[in-house]
Amino acid sequence: MATVDLKDVKKVYAGGVEAVKGVSIAIPDKALCVLVGPSGCGKSTLLRMIAGLEAISSGTCSIDGRKVNEIGPTERDIAMVFQNYALYPHMKVYDNMAYGLRNRGTPKDEIDRRVKEVAETLELSHLLDRRPRELSGGQRQRVAMGRAIVRSPKVFLFDEPLSNLDAKLRGQMRVEIKNLQRSLGVTSVYVTHDQLEAMTLADMLVVMNAGLVEQIGAPLDVYEKPASTFVASFIGAPPMNLLPLIGDGTSFADGSATGLATPAKAVTIGFRPEDADVAANGEVPAGSVTLPATVQAVEPVGAESFLHCAAAGGSIVVRVAGRATAQPGDNLRVVATAESLHWFDQAGKRI
Amino acid sequence: MADRKAPASGHDKLMIGQSATGIYIAHAVLILGILVVAFPIYYTFVASTHTLQTILRPPLPLLPGGKFFANYTEALFGGVGRIGGVGVGTLLFNTTVMALGIAIGKIAISILSAYAIVFFRFPLRMTFFWLIFITLMLPVEVRILPTYKVMVDFGLIDTYAGLILPLIASATATLLFRQFFMTIPGELVEAARVDGAGPWRFFFDILLPLSRTNIAALFVILFIYGWTQYLWPLLVTNRNDMNTIVIALKKMVSFADADTQWHLVMVTAMFAIVPPILVVVLMQRWFVRGLVESEK
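Below, the structure is given as C-alpha cells:
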C-alpha cells in the first residue's frame, strides 16, 4: 500500500552532466509503472534515485506521502531486482532470500515461514539448498524476485530484470511478473528499453527521452495517441511511419501533393504499419492518404508480413496479413484512412 | 586417422604430439628435481637420528639411526645447552606466535585498508592509496634503524609485540585485496544496501566469505614469510627464551667454544622445516584455488 511521487526530480553529476532534467510522476497505489526509453535517457538513474542508491540533486521523491530524499535505501522499505540478479554467490538460495529479513531482526520462525511461502509461489522450494552458480538464468531470476517479495516491501523496483534471459523465457517471466504484481498488489516501478515489455506489463507507461518525460499514460493510449514523433517511433514494432511535409503541409518531400486537409503547422504525417493497407486501384474512403510505393524488401513473419517500401520521398513499412504476394521491385498503392493519421508540428509535438 | 601411432599402453590420455619417450624424459626430469629438493631434507632427518659421534665420523650413513627418540626428547625437553638451556619447544612456540601474529595481523590490516579504499569515498582517498603503494618501495632493511629506535623507546625489545608489530603492515596484501574487491560487481553492493546491510554487515556477511580463498592463499605465503624472518628477530630479541627457531639454529652452529652438537642442530632444523610444510600441505587446495580461481 504505497504511492510514489516524484516532483521535478533532477540528477546532475559531479562533472555537470544532467542525466535527469526535471521529472514529475505520480504513481498510484498498486500500479505497475514502466519507465521506457532508449539507453542513456535517464530511466535507470531515476529508478536508482527512487531506491536511494543515487542522491537526488533537486526535487522531491516521496514514498507513501513521506519525503525520502535524505533516507537511505534500507529505511525506504523498497526491494529491488537487478539486471544481473546480484545474488550473493556464497549463500544458498534460502539465505539469499532470508538475508534482508535477518538484517531487519525478523524472528527466525517468521523468516522460515515467509521464505518457504515465497519459494512455494515461485516454485523454488526444491532449490533452497543450492547456490546461485548451480542455477539456470531463469531460476536465478526467480530467486532475485523471491528476495524482493519475501520482505513484502512498500515498493518493488525492477531494473531491466529480463534482459539477460533468452527470448522465450523472457516472454514467460513477463507474464509471471505481471501476475505476481497483480496478486501481491505492490506498487512497482519497472525499467526497460524493450517497448514490447513496456506495453504488455504497464498499468502506467512513462516514455522517457534525454532526461525528460515524453509522455505518461496507459499503454494503449500512448500507442494510439503518441504525444511526439519520438514516442511514435519508439512505441510499436515496427515503428510508426513518419513522412515529412513541405509547403505548408500540402506536399510530401518528393513534391507530390498530399491531397489532404492538413492541420495548420503540421510538418510531419504519421501512420502505423498496421493501419496502412495495400489497395487495388479502386475507390478509397474520403480523407485517406494514398501513396504510390515501390517495394524494397519483404519480411515474412508468419502470421503477417512487413513490406518495406520507398514512397513519397521517404521509406515506409506496411503490414499485410498472412503471406505477402508482393515481390521487391513491385509498385503498389498504399492507403491509410483518415482516422489512422497522426500529425506533428515543428517541435515534434502531436497536433 | 589411420596412420596415427597408437598410444602407448596405459597412457590413453596423452597430450597431442606427445610420444612415449617424451613421457619418460618428462618423468626423469621430474624425479631428478624431486631428488635434488628432497635429498637434503632427508639427509637432515637421517643426521637427526644418529649420535654426535656418528655424525662427526664420516661418511654419514644413508639410513636413519636408532637415536630418534633420544635426540628429539633431548632437544624438546632437555634444553639445548648452546642457547642458554632453552628447549626447542619454547623456540617453536615463539616462532609460531610470531608467524601467526604476522600472518593474521597483515591480513586483518590489509583487508580493512583495501575495504576502505575500494568501497568508501572520503577526502584524500587516492593520496592514502598512493602512500600505501609507495611503502612497497621501502623494504624492512631500509628503515630498520629508525624502527629499532622506536621499539626501544616503546620498551618492546624482547616482547612478542616487538617481534610482530613492525612487520605487520603490508602494501602487497592491500593491493591484492584491492584488486579482488574491484572485481565485485556494484550491483552486489547495492543489493546488500537495499537488503539493509550496513558497512560492517556487508564486510562480514559478504566480503569476507567471498575473500576466503584469497585469505587462505595469502595466509600460507605470509605464515612462511613470518616463520623464516631472520634479520628483525635477531635485532629485537636479546633473551634466549625469546629467540625464534631460525635465530637459535644459527646460534647453535656458531658457538665457538666447543664442538657443535650437530645431532641437536639437525633435530632443530627438522622442527624449523616441518610447520611451514604442514601449513602448505594442509592448505594446498585453498592455496591453489586462491591463486588461480576468482569466484564467479
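Line order of the protein sequences matches chains U and E.
Using our numbering, the letters of the first sequence map in sequence onto residues 29 to 379.
Using our numbering, the letters of the second sequence map in sequence onto residues 1194 to 1489.
Ideal Cβ positions, reconstructed from N, Cα and C, are used throughout, including at glycine.
Just so it is clear, the structure is predicted and the values come from calculations on it, not from any experiment.
Distance, U/V51 Cα to U/S127 Cα: According to the sequence shown, residue 127 of chain U is Tyr rather than Ser. Distance between the alpha carbons of U/Y127 and U/V51: 33 Å.
Please identify the residue among E/I1295, E/A1364, E/M1435 and E/L1457 whose C-alpha is closest to the C-alpha of E/I1327. The shortest C-alpha separation from E/I1327 is found at E/A1364.
Residues of the stretch 190–209 of chain U whose Cβ lies closer than 8 Å to any Cβ of chain E, in chain order: So nothing in the stretch comes that close.
Using CA coordinates, which residue listed in U/A366, U/N192 and U/L335 is at the minimum distance from U/A354? For U/A354, the closest of U/A366, U/N192 and U/L335 by C-alpha to C-alpha distance is U/L335.
Please report how far the alpha carbon of E/I1295 lies from the alpha carbon of E/I1302, in whole angstroms. Using only the alpha carbons, I get a separation of about 10 Å.
Determine whether the Cβ of U/G128 lies closer than 8 Å to any Cβ atom of chain E. At a cut-off of 8 Å between beta carbons, U/G128 contacts chain E.
Rounding to the nearest angstrom, what Cα-Cα distance links E/T1283 and E/P1359 in this structure? The alpha-carbon atoms of E/T1283 and E/P1359 are separated by roughly 22 Å.
Quick one: which unbroken beta strand (DSSP E) runs of 3-plus residues sit fully inside the stretch 80–148 of chain U? Chain order, please. Entirely contained in the stretch 80–148 of chain U, the beta strand (DSSP E) runs reaching 3 residues are, in chain order, 86–91 and 106–109.
Cβ shell of U/A289 (< 8 Å), same chain only, five flanking positions each side left out: Correct list, in chain order: G315.
Taking the CB atoms as reference points, tell me whether U/C61 and U/G239 lie closer together than 8 Å. No, Cβ-Cβ distance for U/C61 and U/G239 is not below 8 Å.
With a Cβ-Cβ cutoff of 8 Å, do U/D373 and U/K293 count as a contact? Yes, the Cβ-Cβ distance between U/D373 and U/K293 is below 8 Å.
Between E/V1387 and chain U, is the shortest Cβ-Cβ distance under 8 Å, so that the two count as touching? Taking Cβ atoms only, chain U reaches closer than 8 Å to E/V1387, which makes this a yes.
Residues, ordered as in the chain, of the stretch 125–151 of chain U that lie near chain E by beta-carbon distance below 8 Å: Legend: CB atoms of the stretch 125–151 of chain U lying less than 8 Å from CB atoms of chain E belong to residues Y127, G128, N131 and R132.
Please go through the same chain and pick out, in chain order, the residues whose beta-carbon is closer than 7 Å to the beta-carbon of E/M1435, but skip the five residues on each side of it. Here the set comprises N1287 and D1351.
Using DSSP with H/G/I as helix, E/B as strand and the rest coil, what is E/L1245? In the structure shown, E/L1245 falls within a helical segment according to DSSP collapsed to helix, strand and coil.
Suppose you measure from the CA of U/R351 to the CA of U/Y122; what does that come to, to the nearest Å? Cα to Cα, U/R351 sits roughly 51 Å from U/Y122.
What is the rounded straight-line gap between the Cα of E/F1261 and the Cα of E/P1332? Put simply, the backbone Cα of E/F1261 is about 41 Å away from that of E/P1332.
What residues in the stretch 96–122 of chain U bring their beta carbon closer than 9 Å to a beta carbon of chain E? Under the 9 Å Cβ criterion, the stretch 96–122 of chain U contributes G100, P101, T102, E103, R104, I106, A107, M108, F110, Q111, N112, Y113, A114, L115, Y116, P117, H118 and M119.
In whole angstroms, what is the alpha-carbon distance linking U/R210 and U/G245? Straight-line Cα distance between these residues: approximately 19 Å.
Any residues in the stretch 268–291 of chain U with a beta carbon nearer than 7 Å to a beta carbon of chain E? Which ones, in chain order? Interface annotation for the stretch 268–291 of chain U against chain E: empty, criterion Cβ-Cβ distance under 7 Å.
Would you list, in chain order, the members of the stretch 153–166 of chain U that have their beta-carbon closer than 7 Å to a beta-carbon of chain E? From the stretch 153–166 of chain U, only R161 have a Cβ closer than 7 Å to chain E.
Taking the alpha-carbon positions, what's the E/G1280 to E/H1456 distance? The straight-line gap from Cα to Cα measures roughly 14 Å.
Just checking my contact of E/M1459 with E/I1357 at CB under 8 Å: how many whole Å lie between their CB atoms? Contact doesn't hold; Cβ gap of about 29 Å is too wide.
Burial state of E/N1431 (16 or more Cβ within 10 Å): Burial call: exposed.
Which word fits E/N1407, buried or exposed, when buried means at least 16 other C-beta atoms lie within 10 angstroms of its C-beta? Under the 10 Å beta carbon count, E/N1407 is surrounded by 16 or more other beta carbons and is classified as buried.
Skipping 5 residues on each side, what residues in its chain have a beta carbon closer than 8 Å to that of E/L1253? The residues are Y1236, V1239, A1240, H1243 and T1247.
Chain U contacts made by the stretch 1390–1405 of chain E, where a contact means CB separation under 9 Å: Taking 9 Å as the upper bound on Cβ-Cβ separation, chain U lies near residues A1390, G1391, R1394, D1398, I1399, P1402, L1403 and R1405 of the stretch 1390–1405 of chain E.
Given a cut-off of 8 Å, decide if U/D303 and U/A364 are closer than it, judged by their beta-carbon atoms. Cβ atoms of U/A364 and U/D303: closer than 8 Å.
Where U/S86 falls, given that 16 or more other Cβ within 10 Å makes a residue buried: By the neighbour-count criterion, in which a residue is buried when 16 or more other Cβ atoms sit within 10 angstroms of its Cβ, U/S86 is exposed.
Can you tell which of U/V183, U/I263, U/L74 and U/I139 has the C-alpha that lies nearest to the C-alpha of U/R300? Closest by alpha carbon: U/I263.
Distance, U/V306 Cα to U/E332 Cα: For the pair U/E332 and U/V306, the Cα-to-Cα distance works out to about 13 Å.
Would you list, in chain order, the members of the stretch 72–98 of chain U that have their beta-carbon closer than 7 Å to a beta-carbon of chain E? So the list reads A79 and L81, given in the order they occur along the chain.
Can you grab the Cα-Cα spacing for the pair U/V38 / U/N237, in whole Å? In the sequence as presented, Val is not what sits at residue 38 of chain U; that position holds Lys. In this structure, the straight-line span from the alpha carbon of U/K38 to that of U/N237 is close to 14 Å.
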